[in-house]
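*Asks:*
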Amino acid sequence: MWSDYEDRTKGSRELFERAKRVLPGGVSYAIRYFQPYPFYARRAKGAYVWDVDGNRYIDLWMEHGAAVLGHNDERIISAVKEQLELGLHFGWANEWEILWAEAVADWFRMDMVRPTNSGTEANMYAIRLARAYTGRRAIVKAIGGWHGGYDALMRGVHYPPERIESLGIPGDVTRDTVLIRYNDLEDAEKKIKDVRPAAVIVEPVLGAGGCIPAEREFLKALRELCDETGTVLIFDEVITGFRFPRGASNYFNVRPDIITAGKAVGGQYFPGAGAICGKEEIMELINHVKRPRYYERVFHGGTYVGNALTMRAGYELIRILRKDEDKIYGKMESLGRRFIKGLEDAFSNSNTEAHVTGVGSMVGLHFTREHPRDYESSERTKDVKITKELFYHMLNRGIAYLSPEKAHFFLSYAHSQEDIDYIIEVVEEFARSKRQ
Ligand SMILES: Cc1ncc(COP(=O)(O)O)c(C=O)c1O
């Protein structure tokens, strides 16, 4: 399946042999590994990434979905170059954090914001805020929702969803994490009314779960149920926040109490990228001036939060997006539509049953016997063998995405129609090969 790949990636193989000795699994993050070894990237620009052997890939992983404008956008890089000279991390209050916070609050139409170091952190603090605000403990999350590595949210990510997602997390830490099925109104209603949680946390489009969009009615019902039960509604917009103009909450027209962001919120390419954005009455629980006693406020902070580099890059990204909102999102949406239609057509008269999900620049392809509307239906009947075959078929033809077991794709403004048409040709070739 991957012999062509091995022929072309001798340098990556060597690096993998070295990497294995010092990096568990040879990578910094398990998701970046695939068999027989991952390629190691050397350079990236626009829609493409080049590996150490000089192979070029059309990138559909796009930096974990962070690169909305594509890799290494000149405008962001030149703003950051200027900042390099001035200082990256002052460890002091700075103007860029204010400019960034104003831009992020305005983007999501939220009252107040705090920067975090990652999406994981944003969700951890959001849960803490919700618990403090309500005085309750339980959290409701959707099966298949990935909110990062915070202990309390490490349940119901993989299929089947019975087990805690990691060793080292004591059972009682996730005891109060209650799972609901995505897009299942009845399940949500029953559990939220039953449990009366501190928070309901949900991705408006399941990202790692396969690019499966929420039905608007589901999100609306969550809003109503949270209002009825005094629960904080958190939208995890770590992926979606900048993949839709003003985020997915704007796209679906449902207002949560807190939006968590990550990835692109720090300008796409920089660490220390995360945000908790919320209503004033919730966010003010962090305010140490109003709440001078440590035990009467919610702790949030961190050495690198608000560093000038990330703040400036995030601010610059939002400035670019605001200036050309229609053009940028118009293009990404039309690429997404073209891609979805191309994938659907490729399998429409094939023996291989495939279903396409997605919205905007997020697209999922599922070799299942049912059209997935939640994580379980994307996994239950999945043909893992074909899913993997497609991955290597694409990889051998210069198209890269993650993971071999989950065909989901992130487009960017930097992709061209020609890129999409080429990808579709390659998928059609795959579908034809399955017909014989
Ligand atoms: C929806 C969602 N939430 C949270 C996270 C965690 O973000 P980070 O990896 O920055 O900690 C991710 C990361 O992929 C994500 O996709």
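The opening residue of the sequence shown carries number 838 in the numbering used here; numbering runs sequentially from there.
Built from N, CA and C at the ideal position, the CB exists for glycine as well.
(1) Just verifying my parser: in three-state terms, what is the DSSP assignment at Met-1120?
(2) Beta carbon of Thr-957: closer than 7 Å to some heavy atom of ligand 1?
(3) State the start and end residues of the unbroken alpha helix (DSSP H) segment that holds Cys-1063.
(4) Relative to the alpha-carbon of Glu-900, which residue among Lys-1168, Met-1148, Arg-880 and Lys-1178 has its alpha-carbon at the smallest distance?
(5) Taking 8 Å as the threshold (C-beta atoms), are Gly-1115 and Leu-966 in contact?
(6) For Val-1321 and Glu-1121, I'd like the C-alpha separation in whole angstroms.
(7) Beta strand (DSSP E) containing Met-1199: first to last residue?
(8) For a test of the three-state rule: what should DSSP assign to Arg-1206, helix, strand or coil?
(9) For Lys-978, which residues does DSSP report across the bridge?
(10) Can you check the stretch 1076-1121 for any beta strand (DSSP E) of at least 3 residues that lies completely inside it and give the ranges in chain order?
(11) Does the beta-carbon of Ala-1045, which I'm using as the reference point, lie nearer than 7 Å to any heavy atom of ligand 1?
(12) Distance, Cα to Cα, Val-1015 vs Ile-976?
(13) Should Val-1196 be listed as close to ligand 1, given that the test is whether its C-beta is under 7 Å from any heavy atom?
(14) Thinking C-alpha only, which one of Arg-893, Arg-1210 and Val-889 is nearest Phe-1055?
(15) Whose C-beta lies closer than 6 Å to the C-beta of Met-1148 among residues of the same chain, with five residues either side of it excluded?
(16) State whether the stretch 992-1002 contacts the stretch 959-974, with contact taken as three or more CB pairs (one from each stretch) at a distance under 8 Å.
(17) Quickly, what does DSSP pair Thr-953 with across the bridge? List them, please.
(18) Any idea if Thr-1140 is buried or exposed, counting beta-carbon neighbours within 10 angstroms, 16 or more meaning buried?
(19) Skipping 5 residues on each side, what residues in its chain have a beta carbon closer than 8 Å to that of Ala-942?
(20) What runs of the alpha helix (DSSP H), each 4 residues or longer, lie entirely inside the stretch 1135-1170?
(21) Just to check, is the beta-carbon of Asp-1073 closer than 7 Å to a non-hydrogen atom of ligand 1?
(22) Enumerate in chain order the residues of its own chain whose CB-to-CB distance from Gly-1104 is below 7 Å, with the five nearest sequence positions on each side excluded.
(23) What does the Cβ neighbour count give for His-828, buried or exposed, with the cut at 16 atoms within 10 Å?
(24) Taking DSSP as the reference, what is the three-state secondary structure of Val-1011?
(25) Just checking His-901 against ligand 1 - is the residue's beta carbon closer than 7 Å to any of the ligand's heavy atoms?
(26) Using C-beta distances below 6 Å, list every residue in its chain close to Glu-1265, excluding the 5 sequence neighbours before and after it, in chain order.
(27) Between Pro-875 and Tyr-866, what straight-line distance do the alpha-carbon atoms span, to the nearest angstrom?
(28) Considering only the alpha carbon of each residue, which of Glu-1213, Thr-1189, Phe-1107 and Phe-1136 lies closest to Ala-1145?
(29) State yes or no: is the C-beta of Lys-1100 nearer than 7 Å to some heavy atom of ligand 1?
(30) Quick check on Glu-1255: buried or exposed, where buried means 16 or more other Cβ atoms within 10 Å of its Cβ?
(31) Any heavy atom of ligand 1 closer than 7 Å to the CB of Asn-960?
(32) By alpha-carbon positions, which one of Ile-1095, Ala-1110 and Ala-1036 ends up nearest to Thr-957?
(33) In the structure shown, what three-state DSSP assignment does Arg-1130 receive?
(34) Please indicate yes or no: does the CB of Glu-1040 lie closer than 7 Å to some heavy atom of ligand 1?
*Replies:* Taking the coordinates as given:
(1) helix
(2) yes
(3) 1053-1066
(4) Arg-880
(5) yes
(6) With the chain running from 838 to 1273 in the structure shown, residue 1321 is simply not present.
(7) 1199-1203
(8) coil
(9) Leu-1016 and Ile-1038
(10) 1095-1099 and 1111-1115
(11) yes
(12) 6 Å
(13) no
(14) Arg-1210
(15) Trp-933, Glu-934 and Trp-937
(16) no
(17) Gly-1111
(18) exposed
(19) Asp-948, Met-949, Val-950 and Cys-1114
(20) 1145-1160
(21) yes
(22) Ile-913, Thr-1147, Ala-1150, Gly-1151, Glu-1153 and Leu-1154
(23) With the chain covering only 838 through 1273, there is no way to say anything about residue 828.
(24) The displayed chain sequence assigns Thr, not Val, to residue 1011. It is coil, neither helix nor strand.
(25) yes
(26) Ala-1183
(27) 11 Å
(28) Phe-1107
(29) yes
(30) exposed
(31) yes
(32) Ala-1110
(33) coil
(34) yes
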